[in-house]
Amino acid sequence: MRRQFYITRPDPSVPWGFRIQGGRDFGQPLIISAVTNTGLVESYGVRAGARVISIGGDPTSSMTHQQAQQAIIRCGNELQLETIDSSGCVSEVNISTPVGFGPARQPAIVTAGPLRLPSSVMQQPHDGSTESWKNYGANPYNSSAKCESVVSSLSETTGLPQTITSFQRQSPRFNRISDQVFTGDKYTSSFASSKSTNVCETNLFKPTSPKHPFSNSGSSWSKTAVVATPKANERRPVCYSCKREIHGPFVDTMKYCFCPDHFVCCQCHAPLKDQPFAEQDDQFYCVNDFVNSAASRCAKCEQPIIGTVTLALDKSWHPHCFVCSHCNKPLQEKFHVEDAGTFLCQEHWNQLHLTACARCGEPISEIDRYMEACGKQFHVKCFCCAACKTPLEGKPFHTRDNRPFCRAHAFAVALYD
């Protein structure tokens with residue numbers, strides 16, 4: 001819906017209270033990316049995400065970002081905006097081929113699968129309650145088993161927040177497998193102790209949106225499944241494969257129960273009862289079949305991704321492959337895409353593309369009011385007399401040694417050298 005706003009303020013010291021992004025030089029329509037709570041424009045009903053059609057009566061379709069800023073400044077204390085509600089706008093994360101320096105985007109982080117091996121012997125079947133299971137023994141593979149819950153929330157970009165809950169389990173066997181996969185070595189059956197590799201079972205919850213993330217089909221690696229025996233007078237489990245009640249020992253994968261002979265790889269049908277296995281879309285895989293046919297491939301190194309997966313630009317990446325080209329740090333928050341296809345974190349994009357204020361040294365952002373004087377750029381609030389600190393916006397001033405002075409101190413400058 002198209003809306004028009006006529007906003008006034010008492011004097012230029014009162015900020016409008018909103019931020020814009022996009023423009024012709026960014027290859028994007030001009031939109032309001034943020035609105036300050038209790039700010040001036042919020043009281044008029046301006047909302048973040050709205051597309052700006054005109055500023056001061058001038059259409060924005062051909063404006064660059066800088067021209068849009070200047071149009072707002074030219075409005076003085078009477079700002080006229082025409083917008084279209086956010087339902088017709090495109091979120092910044094959906095732009096995959098920016099022109100010039102693209103806007104900040106936020107990658108999605110998901111986890112693709114912990115390796116599970118059978119860990120303990122149980123004496124009671126699952127009856128739906130947490131008290132119906134009792135652990136009476138342990139399998140050797142359970143020595144390092146550990147369960148933890150990790151909640152990850154990503155924000156900043158419209159449509160991006162995601163929550164991922166992971167139950168992490170891994171065995172010494174998987175440590176060897178993951179090391180060989182990351183280094184490109186051929187997988188062998190000789191499992192040696194190795195460093196830990198973060199691999200998780202993924203469950204994806206989607207609040208409103210994109211640090212999304214885009215579940216990797218809900219895959220999970222695990223240690224071996226639990227082998228249990230039904231207890232008398234208890235409800236018996238049902239095999240997920242044959243759909244029949246199980247009378248005797250059964251395999252518990254934490255999600256489904258199986259007859260021991262029915263718990264096999266969906267690809268090669270190899271028994272999985274005493275082997276590492278993966279679960280994806282309710283399908284169970286052995287190690288080799290998951291790596292060869294189900295695991296995501298990194299867009300940079302083209303190796304299978306086991307563990308944390310970063311999804312950005314419609315591709316999957318290892319976290320250590322999706323990094324800032326300037327500082328080589330993983331991009332966990334906002335990032336920018338350069339023309340050469342490289343990525344920059346927010347900090348280094350600001351350093352390379354934003355001008356710093358000559359007084360405070362902070363970058364002059366997209367909507368900051370600024371002045372050019374003495375061959376430099378200043379925030380409006382930073383442009384003041386070098387002697388008495390009086391603001392010089394809209395006032396005559398004198399310069400000496402590339403420093404501004406008010407009239408009162410222009411001829412007493414030597415006292416402040």
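Reminder that position 231 of the sequence shown reads as 231 in the UniProt record's numbering, one-by-one numbering, no gaps. Here a beta-carbon is modelled for each residue, glycine too, at the ideal position from N, C-alpha and C.
C-alpha of V35 to C-alpha of G49: approximately 9 Å in a straight line. Straight-line measurement puts the Cα of H379 at about 18 Å from the Cα of H398. Under the criterion of beta carbons closer than 8 Å, H326 and L344 qualify as touching, at roughly 6 Å. For V337, the enclosing beta strand (DSSP E) starts and ends at 335 to 337.
The beta-carbon distance between C242 and C268, rounded to whole angstroms, is 19 Å. This is too long to meet the 8 Å contact definition. Its Cα nearest to that of R403, the residue A386 stands out among C259, G394, A386, L392.
In the three-state reduction of the DSSP assignment, H247 falls in the coil class, being assigned neither a helical nor a strand state.
Counting other Cβ atoms within 10 Å of its Cβ, D11 stays below 16 and is therefore classed as exposed. Considering only E393, H409, P396, R369, the residue with the shortest C-alpha distance to I73 is R369. Around the CB of Q280, 16 or more other CB atoms lie within 10 Å, so the residue is classed as buried. Collapsing the DSSP output to three states places E42 in a helix. Approximately 6 Å separates the beta-carbon atoms of V323 and K329; this is inside 8 Å, confirming the contact.
For the pair D282 and Y240, the Cα-to-Cα distance works out to about 10 Å. With a contact defined as Cβ atoms closer than 8 Å, V52 and W16 miss out at about 12 Å. Cβ-Cβ distances below 7 Å link S293 to Q267 in the same chain, with the five nearest sequence neighbours on each side left out; the list follows chain order.
Residue environment analysis places D252 among the buried positions, since at least 16 neighbouring C-beta atoms fall within 10 angstroms of its C-beta. Here DSSP, grouped into helix, strand and coil, assigns S61 to coil.
Within the same chain, K376, F378 come within 6 Å of A358 by CB-CB distance, once the 5 residues on both sides are set aside. Looking only at Y44, V309, F335, the smallest Cα-Cα distance to R9 is reached by Y44. Within its own chain, the residues whose Cβ lies closer than 8 Å to the Cβ of I84, once the five positions on either side in sequence are excluded, are M1, R2, R3, A50, R51, I53, listed in chain order. Considering only T64, W317, I246, the residue with the shortest C-alpha distance to Q303 is W317. Annotated three-state conformation of K381 is helix, per DSSP. L272 counts as buried, since no fewer than 16 other beta carbons sit within 10 angstroms of its beta carbon.
Q275: not part of any beta strand (DSSP E); DSSP gives it neither H nor E. With a cutoff of 8 Å on beta-carbon distance, H65 and G27 are scored as not near each other.
One alpha carbon belongs to E245, the other to F263, and they sit about 15 Å apart.
In this chain, the beta strand (DSSP E) harbouring E372 covers 370 to 373. For N77, the CB contacts under 8 Å within the same chain, skipping 5 residues up- and downstream, are T8, R9, P10, D11, P12 in chain order. One thing to note: V46 has its Cβ within 8 Å of the Cβ of I32.
Our two residues, F284 and H336, have alpha carbons roughly 38 Å apart in a direct line. The Cβ atoms of E393 and F405 lie no closer than 8 Å to each other.
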